Amino acid sequence: MKTLNLIDALLYLILGIFIFFYARIYSSDHYTTSPAFFPQMIATLMIIFSSIRLVLWFLNASQVDDASGAAPMNGARYRSFLVIVACLAGYFVCNLLAGFLISTILFVTFLMRLLGNRNYLQNVLFALLISFGISAIFKWVLVLPLPSGSLLYF
Amino acid sequence: MDLSLLFHSFLLILEPTNLLIIGLSVTMGIIIGALPGLTVVMACALLVPLTYGFPTIQSFISLLGIYCGAVYGGSVAAILLGIPGTPAAAATMLDGFALSNRGEAGKALGIACIASCCAGIFSAIVMTCLSPQVAKISLLFGPVEYFGLAFFALSILILLSGRSLLKGFTAILVGLLCTTIGVEPLTGGTRFIFGSEALIPGIGLIPVAVGLFGFSQVFEDVISLREGTSERKRQKVKNLMPNRAELKRIAPHIAKSSLIGTFIGVIPGIGPETASFIGYAEAKRSSRNSLNFGKGAIEGVAASEAGNNGVTGGAMIPMLTLGVPGDAPTAILLGGLMLHGLTVGPMLFRDNLDIVYPIFAGFIVANVFMGIIGLILARFFAKVVSIRQEILLPIICVFCFIGAYATRLSMFDVGIALVFGVIGFYFNRNDYPISPVLVAIILGPMLEMNMANALNIGDGSFAVFFSTPAGAFLIGLAVLNIIFSLIKRSRNQKQTFDNATG
Numbered sequence: 001m002k003t004l005n006l007i008d009a010l011l012y013l014i015l016g017i018f019i020f021f022y023a024r025i026y027s028s029d030h031y032t033t034s035p036a037f038f039p040q041m042i043a044t045l046m047i048i049f050s051s052i053r054l055v056l057w058f059l060n061a062s063q064v065d066d067a068s069g070a071a072p073m074n075g076a077r078y079r080s081f082l083v084i085v086a087c088l089a090g091y092f093v094c095n096l097l098a099g100f101l102i103s104t105i106l107f108v109t110f111l112m113r114l115l116g117n118r119n120y121l122q123n124v125l126f127a128l129l130i131s132f133g134i135s136a137i138f139k140w141v142l143v144l145p146l147p148s149g150s151l152l153y154f
Numbered sequence: 155m156d157l158s159l160l161f162h163s164f165l166l167i168l169e170p171t172n173l174l175i176i177g178l179s180v181t182m183g184i185i186i187g188a189l190p191g192l193t194v195v196m197a198c199a200l201l202v203p204l205t206y207g208f209p210t211i212q213s214f215i216s217l218l219g220i221y222c223g224a225v226y227g228g229s230v231a232a233i234l235l236g237i238p239g240t241p242a243a244a245a246t247m248l249d250g251f252a253l254s255n256r257g258e259a260g261k262a263l264g265i266a267c268i269a270s271c272c273a274g275i276f277s278a279i280v281m282t283c284l285s286p287q288v289a290k291i292s293l294l295f296g297p298v299e300y301f302g303l304a305f306f307a308l309s310i311l312i313l314l315s316g317r318s319l320l321k322g323f324t325a326i327l328v329g330l331l332c333t334t335i336g337v338e339p340l341t342g343g344t345r346f347i348f349g350s351e352a353l354i355p356g357i358g359l360i361p362v363a364v365g366l367f368g369f370s371q372v373f374e375d376v377i378s379l380r381e382g383t384s385e386r387k388r389q390k391v392k393n394l395m396p397n398r399a400e401l402k403r404i405a406p407h408i409a410k411s412s413l414i415g416t417f418i419g420v421i422p423g424i425g426p427e428t429a430s431f432i433g434y435a436e437a438k439r440s441s442r443n444s445l446n447f448g449k450g451a452i453e454g455v456a457a458s459e460a461g462n463n464g465v466t467g468g469a470m471i472p473m474l475t476l477g478v479p480g481d482a483p484t485a486i487l488l489g490g491l492m493l494h495g496l497t498v499g500p501m502l503f504r505d506n507l508d509i510v511y512p513i514f515a516g517f518i519v520a521n522v523f524m525g526i527i528g529l530i531l532a533r534f535f536a537k538v539v540s541i542r543q544e545i546l547l548p549i550i551c552v553f554c555f556i557g558a559y560a561t562r563l564s565m566f567d568v569g570i571a572l573v574f575g576v577i578g579f580y581f582n583r584n585d586y587p588i589s590p591v592l593v594a595i596i597l598g599p600m601l602e603m604n605m606a607n608a609l610n611i612g613d614g615s616f617a618v619f620f621s622t623p624a625g626a627f628l629i630g631l632a633v634l635n636i637i638f639s640l641i642k643r644s645r646n647q648k649q650t651f652d653n654a655t656g
């Protein structure tokens with residue numbers, strides 16, 4: 001946790017420095033406050049707060065401060081997190097390629113199985129219901145297009 | 155207040171289509187609020203896109219229905235499962251779950267529903283009476299006052315900072331930073347788009363909300379489910395209505411908590427969580443039955459529920475009149491109004507009274523519906539809260555996806571929501587508060603625009619911020635708030651450190 005706090009504070013420090021210098025390209029002499037002013041002000045505050053956190057880290061004063069309410073991450077939790085992120089990323093890509101209907105059927109079926117529902121028939125029926133239900137609402141009630149995919153078209 | 159316009163607005167809201175919309179949205183709000191882990195913000199964020207296709211009034215009254223329903227819905231899971239459906243229902247759980255374990259789940263749900271409905275109606279009436287007056291005063295505001303107001307609202311967000319003040323500040327800065335992406339308000343040029351056309355309109359509020367509150371919660375729920383730490387048992391629901399003696403006992407606590415909730419709601423940044431606990435604490439202090447609090451006191455359920463539902467109307471006052479959201483759900487509601495091209499603030503009361511008064515009427519009717527639907531469908535909601543997570547989570551994922559996509563029909567926004575989902579998860583795990591990010595995204599443009607205008611008026615001198623009494627007062631109040639928060643935190647940390655070291 002302590003090392004993570006150091007990395008965290010360093011990341012915000014780097015982000016602050018990057019924004020401060022990058023925002024200089026928006027500077028202009030035509031205005032009292034140029035478009036660079038606000039981002040640079042935020043970046044300055046970010047640099048100040050990150051620096052205070054770094055100082056506190058070196059002084060060992062942030063131990064009480066940084067105890068998170070959530071259970072600490074371990075190998076299994078990281079795996080679960082990565083699995084669901086990968087599923088959602090796959091669903092995103094599948095939507096771009098195959099459109100909403102097919103990707104949702106695949107995604108819901110797969111995710112229900114992954115989360116422990118072993119009744120395949122129930123998974124598939126449920127996935128079909130969700131996918132066709134939402135597609136119908138968007139097509140006929142809201143009259144808004146859902147992603148159609150570049151490979152197939154619904 | 156224009157009473158004839160209000161009367162006509164009620165007639166408009168009482169049309170069958172509008173009643174159907176309110177009824178459905180309240181039901182959906184209660185269901186989402188009742189599901190543990192799904193918050194009020196998530197309910198609003200997920201359903202904004204579904205209401206986008208409606209005309210402005212119908213769209214907004216449906217959002218109000220979802221808002222009211224979800225705030226009450228949190229109590230259903232708190233009472234039946236001992237898991238607060240929303241953080242605001244944590245105080246309700248203290249006595250509600252104890253009542254449920256005694257076999258009086260029905261009575262607890264009934265009391266929660268009656269208290270929520272009464273407090274909601276009270277706060278809606280206060281909102282209807284006060285908002286036009288606040289709007290009239292705010293018409294006198296210039297850039298200095300608006301800057302002061304945004305600065306004050308941001309300083310109040312420190313209260314949401316969790317345990318680390320520095321992390322709270324950082325969360326606010328991350329939110330403000332998001333507002334600098336895209337078209338900037340001063341010259342109309344673009345900033346930080348890195349050559350991407352998709353970033354020109356900026357980062358949308360809804361994808362950010364869906365990511366921070368929706369996807370991040372999905373990640374947490376998946377972790378709990380795969381660890382097997384999300385068990386639920388079903389409770390029987392019967393005898394919903396309390397008897398006359400019980401109603402007499404809870405009435406003064408409902409009245410007091412409604413007042414507390416509405417007042418707390420008006421102050422930006424303090425959410426229903428605080429209101430419900432203050433209402434609960436006050437009821438415990440003043441009740442003859444105080445020894446039973448925590449063991450199934452009906453006064454505790456009534457007070458905490460009235461407290462958190464009282465916030466709804468109160469939080470709408472600064473949102474509608476000043477464009478300053480009282481909390482994260484009202485930030486989404488504000489986003490919903492902006493999607494329909496409305497500029498929220500005093501101008502809304504000058505140019506769009508045909509929208510404002512139906513909102514007042516719709517809010518009162520939504521609260522009445524919440525009471526009726528809450529009582530009639532209590533048994534159904536009791537079944538909903540026990541839906542298995544492996545069925546629920548895929549649906550939530552699909553709704554998060556649709557929620558992020560539908561506002562601008564953009565897959566890029568879905569990508570943004572996923573990125574913010576990971577950021578939200580990281581924030582949750584590392585004790586960063588996430589609500590300030592969302593509220594800062596709303597307040598960022600207001601802050602930047604008015605700061606720049608004020609500095610232009612003052613020829614670049616920062617003394618301009620103290621040139622008007624209202625501006626100086628608001629900025630002074632914000633500075634004092636930051637100083638007192640710092641002092642209070644440092645005292646708390648010292649005490650914690652002393653306790654830890656013995």
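Protein chains in written order, with the numbering used here: chain U, 1 to 154; chain E, 155 to 656.
All residues carry an ideal CB built from backbone N, CA and C; glycine is no exception.
Here the structure is a predicted model, which is why all the values come from computation and not from measurement.
Taking DSSP as the reference, what is the three-state secondary structure of residue i?
i	result
Val337 of chain E	strand
Thr171 of chain E	helix
Thr205 of chain E	helix
Arg345 of chain E	strand
His30 of chain U	coil
Arg53 of chain U	helix
Ile421 of chain E	coil
Leu192 of chain E	coil
Val498 of chain E	coil
Lys449 of chain E	coil
Ala136 of chain U	helix
Ala36 of chain U	coil
Tyr115 of chain E	Look at the range of chain E in this structure, 155 to 656, and you will see that residue 115 of chain E is not part of it.
Val64 of chain U	Unreliable placement is indicated for Val64 of chain U, whose pLDDT of 47 sits below 50; no coordinate value is reported for it.
Can you find the residues in the same chain that come closer than 7 angstroms, C-beta to C-beta, to residue i, ignoring five residues on each side of it along the sequence?
i	result
Phe251 of chain E	Ala232, Ile233, Gly236
Leu320 of chain E	none
Ser644 of chain E	none
Considering only their Cβ atoms, is the gap separating residue j from residue i smaller than 9 angstroms?
i	j	result
Ser430 of chain E	Ala224 of chain E	no
Ala325 of chain E	Phe581 of chain E	yes
Ile486 of chain E	Val328 of chain E	no
Asn521 of chain E	Cys271 of chain E	yes
Ala352 of chain E	Ser564 of chain E	yes
Gly260 of chain E	Asn393 of chain E	yes
Asn604 of chain E	Pro297 of chain E	yes
Tyr31 of chain U	Asn607 of chain E	no
Gly368 of chain E	Gly415 of chain E	no
Ile513 of chain E	Leu474 of chain E	yes
Thr497 of chain E	Pro39 of chain U	no
Phe579 of chain E	Thr282 of chain E	no
Name, please, each residue of chain U whose Cβ falls closer than 8 angstroms to the Cβ of residue i.
i	result
Glu381 of chain E	Ala76, Arg77, Ser80
Thr341 of chain E	Ser28, Tyr31, Pro35
For residue i, return the contacting residues in chain E, with the cut-off set at a CB-CB distance below 9 angstroms.
i	result
Asn95 of chain U	Phe555, Tyr559, Met565, Val568
Ile134 of chain U	Val552, Phe553, Ile556
Phe21 of chain U	None at all; the shortest Cβ gap to chain E is about 13 angstroms.
Just reading off the alpha helix (DSSP H) that residue i is part of, what are its end residues?
i	result
Arg583 of chain E	565–583
Met112 of chain E	Nothing in the structure corresponds to residue 112 of chain E, since chain E is present only between 155 and 656.
Pro72 of chain U	Pro72 of chain U -> no alpha helix (DSSP H), and no H or E assigned at all.
Ser589 of chain E	589–611
Lys392 of chain E	Counting along the chain, Lys392 of chain E falls outside any alpha helix (DSSP H), and DSSP gives it neither H nor E.
Asp249 of chain E	244–255
Tyr221 of chain E	210–235
Leu11 of chain U	2–22
Quick one: which chain E residues come within Cβ less than 8 angstroms of residue i?
i	result
Phe49 of chain U	Leu320, Phe323, Thr324, Leu327
Met117 of chain U	Strictly speaking, residue 117 of chain U in this sequence is Asn, with Met absent from that position. What Asn117 of chain U touches in chain E: Arg542, Glu544, Ile545.
Residues in its own chain within less than 6 angstroms of residue i by CB, not counting five upstream and five downstream?
i	result
Ile408 of chain E	Ala269, Cys272, Ala456, Ala460
Pro355 of chain E	Gly336
Leu200 of chain E	Phe553, Gly557
Leu6 of chain U	Trp57
Leu628 of chain E	Gly302, Leu303, Phe306
Leu601 of chain E	Ala304
Quick one: what's got a C-beta closer than 8 angstroms to residue i's C-beta in the same chain, skipping five residues either side?
i	result
Val633 of chain E	Ser309
Counting only Cβ pairs nearer than 7 angstroms, list the residues of chain E close to residue i.
i	result
Arg53 of chain U	Leu320
Which chain U residues are close to residue i, counting only those with a beta carbon under 9 angstroms from its beta carbon?
i	result
Thr282 of chain E	None at all; the shortest Cβ gap to chain U is about 31 angstroms.
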